[in-house]
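Since the structure comes first, as structure tokens, the remarks are kept for the end.
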Amino acid sequence: MPKLVVKNLRKVFGTFEAVKDVSFQVEEKETLCLLGPSGCGKTTTLRIIAGLEVPTSGEVFVDGVLVNDVPPQKRQIGLVFQDYAIFPHLSVFENIAYGLRVRKMPEAQIKTKVHETAALIDVKSILDALGKKLGLSEMQRVAIGRSIALNPKLLLLDEPLSNIDAKARERMRAELGKLQKEIGIATVYVTHDQLEAMTLADRIAVMKNGLIEQIGTTSEIYDNARTLFVANFIGSPSMNLIDCELVYSEERAILKSGDFTLDITEFAETIKGKPKGKELVFGIRPENVSVDIEKTDPTAVEAEVQLVEPLGAKSIYHLKISGVTVLAKGHPMAEVNVGSKVWATFNKDKLHLFDKKTEEAIF
Amino acid sequence: MARTKGVAKNIVRYLLLIVVCVWTLAPVAWMVSLSFKGPTEWYAPNLMPAQPIVDNYINLFIPTNPIGGSHFFTSITEPITKPLINSLIAAGLGTLFAVLVGFLAAYGVSRYRAGGTFTIFFTLLTRMLPGATFVAPLMVFYSSIRFIDTYVGLILLYTAVTLTYAIWLMKGFIDEIPPEWEEAALLEGASPWTVLRKVTIPLTKGGLAASALFIFILNWSEFLFALVISVTQVTTLPVQISKYVSAVGRMYGTQASLGIIATIPSVALGYLIQKHLVTGFTFGRIR
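Protein chains in written order, with this note's numbering: chain A, -6 to 356; chain B, 2 to 288.
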């Protein structure tokens, strides 16, 4: 039985429809990421699950039980807030013990439980520190500790890394991932950072304008984006998306964007029935465009390098191919500089084609 | 250069502080001086009493003891113990109720926008009229429900009049507390009342203390309503103070000594909660 089932959730604030129709489920020990830009309804969805917002319509089941009418204090759901919401006037010990005290657990048991939790989240040395004196990383851990001390049925995390600078975020993301594995509890994680989602989630639900665009495992989302939005949102640098039209010449199917052409005859079966000339967008991830100094592949096209961004192990090349700018990600090559002529090869197995009107994937 | 500039800045700053201190404390100093002077000195310009006496203070508690001639005599025959107790009851309970009701109202307005924007503005509107404008209808109303010269009447009136300040002041302090703290406590299993008791109140206590003191001082020094409502039973200190200067006689020294006594509770309270006042009057910013 799934740990959490969300069915046709809808939430309207005044005239603003924050969540339009959201359904998903989370299995035991699974981490589901709600990923999307700000204002897409992901935090509202999370708050409805926690019971902090009342849905306009739709249902939430925890452990198979409908919880729509259960107040938040009775739902047994842990929530880690964006700002952690550590009680500033209480010590770390009291923060973790808070829920246990509310439940009137005997003092000895509280002590054991807090120490157990503190060991797990590695805050044993700061148990006496006041909430307001903690650093961000400590707050994060205490917030998680406070949420899990009660053995909740579900753990919700609302952008827990968004207020942290890039360097610390990397470390805390790793820490969080490790902790998640140790705790092994069904989790819903809200973020706008696709990298966070990719590294921490088992499955990702990409949200936009109150709707789930696509839900699937990280590789499904990455490799088989079903909409233009998902293709664009996931991946860094993002996928090359080029407006084009489909033309047929001499029995060959060709994608055309100005002077740029790409032969896709091998996909003839898939695109059969799609009217030619329709407004299309083709997409390819930068790592699926290879850059060579010599023409090694017969399908390679000539390109001019406009910019090189060295990332250390990899470099990002901004290429101009017949008037179209394409980003490629590959090994650094000392001889490739701005203005160099190179050969670019598109890995057609990784090609995506979208309908520009409906924004849906054709393949 | 920078150093002399800093010194100059400090000099100006302290000069300003001195001016403000003299401005506020000079009347107090005069009141202290007057309270220790005998009738012959009441009109004299000297700050230090030539012959310091405590008769003024004694006279407050044993009013049958006249100081000087008939010119310095009033019709007061009661000691100030009763007005003192009356003031403590009326101002104290009035403050307590205003803070209690005001906190809950402010919480509702701050967290749930209870009553919409109009209601909260309307409460403020009631304070935009001078109190004197509704003294007459209040008198009529109060006499019809037999509230004149009763504690209930005075306490209810003090609660109602200061409730606006209580709501507005405390709303500000509650607004400062991010709702996430309360939500976190809710998710930990605490009931809304427990959240209020264990999270909201401890986090706003500085603001609550400042609001309470502010309201207490308002109530403690209130004169007009007390004068109108009291006859003999619920005379408060401000009303009592006014009685020492009447058509019959002018007992400035005794009046000053009662002024001193009346000042003590406010000053003492302010001193006790000084720490909270700093956070309170700077309006929160606890984060």
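The beta-carbon is built from N, C-alpha and C at its ideal position, and this holds for glycine as well.
Computed from a prediction, not measured in an experiment: that's the story for all the values here.
- In the three-state scheme derived from DSSP, where H, G and I count as helix and E and B as strand, Arg139(A) is classed as helix.
- Interface annotation, Ala167(B): not in contact with chain A, CB-CB separation never under 8 Å.
- Listed as beta-bridge partners of Phe9(A) by DSSP are Phe6(A).
- When Cβ-Cβ separations below 8 Å define contact, Arg139(A) makes contact with chain B.
- Taking a beta-carbon distance threshold of 8 Å, Ile70(A) counts as an interface residue toward chain B.
- Of the candidates Leu255(A), Asp121(A), Glu87(A) and Leu147(A), Glu87(A) places its Cα closest to the Cα of Ala186(B).
- Its Cα nearest to that of Phe142(B), the residue Leu158(B) stands out among Met129(B), Arg128(B) and Leu158(B).
- For Met171(B), the uninterrupted alpha helix (DSSP H) run begins and ends at Tyr152 to Asp176, by DSSP.
- Here Tyr44(B) is exposed, its C-beta having fewer than 16 other C-beta atoms within 10 Å.
- Between Gly305(A) and the set His324(A), Gly177(A) and Thr318(A), the nearest pair of CA atoms involves His324(A).
- Cβ-Cβ distances below 7 Å link Glu280(A) to Lys322 in the same chain, with the five nearest sequence neighbours on each side left out; the list follows chain order.
- If you check each beta-carbon in the segment 195 to 222 of chain B against every beta-carbon of chain A, the ones closer than 7 Å belong to Thr195, Val200, Pro203 and Leu204.
- For Ser192(B), the chain A residues whose Cβ falls inside 9 Å of its Cβ are Pro64, Gln66 and Val95, in order along the chain.
- Interface criterion met: the Cβ of Gly92(A) is under 8 Å from a Cβ in chain B.
- In this structure, Leu234(A) and Val274(A) form a Cβ contact; the two beta carbons are roughly 5 Å apart against a cut-off of 8 Å.
- Annotation for Ala321(A): the continuous beta strand (DSSP E) segment containing it runs Val317 to Gly323.
- Taking all protein chains shown into account, Ser36(B) has 16 or more neighbouring C-beta atoms within 10 Å of its C-beta and is therefore buried.
- For a cut-off of 8 Å, the C-beta gap from Thr184(A) to Glu152(A) is around 6 Å, short enough to register as a contact.
- Taking the beta carbon of Leu45(A) as reference, the chain B residues within 7 Å of it are Glu184, listed in sequence order.
- Nearest Cα to Gly71(A) within the set Leu105(B), Gly190(B) and Val20(B): Gly190(B).
- Between Ser34(B) and the set Tyr58(B), Ile168(B) and Pro138(B), the nearest pair of CA atoms involves Tyr58(B).
- Neighbours of His82(A) in chain B, taken as residues whose beta carbon is under 8 Å from its own, are Pro203 and Leu204 in chain order.
- Taking a contact as a CB-CB distance under 8 Å, the pair Trp182(B) and Phe17(A) does not count as one, their CB atoms being some 29 Å apart.
- Bridge pairing for Tyr241(A): Ala246(A) [DSSP].
- Between Lys206(B) and Arg96(A), the alpha-carbon positions lie close to 25 Å from each other.
- Taking all protein chains shown into account, Pro145(A) has 16 or more neighbouring C-beta atoms within 10 Å of its C-beta and is therefore buried.
- Taking CB atoms only, Asp56(A) has no neighbour in chain B less than 8 Å away.
- Within 7 Å of the CB of Glu181(B), the CB atoms of chain A belong to Phe74, Asp76 and Ala78, in sequence order along the chain.
- Contact annotation: the segment 249 to 262 of chain A does not touch the segment 56 to 63 of chain A, with fewer than three C-beta pairs closer than 8 Å.
- Contacts with chain A at 8 Å (Cβ-Cβ) do not include Glu177(B).
- In the three-state reduction of the DSSP assignment, His185(A) falls in the coil class, being assigned neither a helical nor a strand state.
- For Gly276(A), the closest of Lys267(A), Glu175(A), Lys249(A) and Val73(A) by C-alpha to C-alpha distance is Lys249(A).
- The contact set of Leu143(A) on chain B, defined by CB atoms closer than 8 Å, consists of Glu189 and Gly190 in chain order.
- Collapsing the DSSP output to three states places Gly71(A) in a strand.
- If you check the CB distance, Ile114(A) and Gly138(A) come in under 8 Å.
- The three-state secondary structure of Cys26(A), taken from DSSP, is strand.
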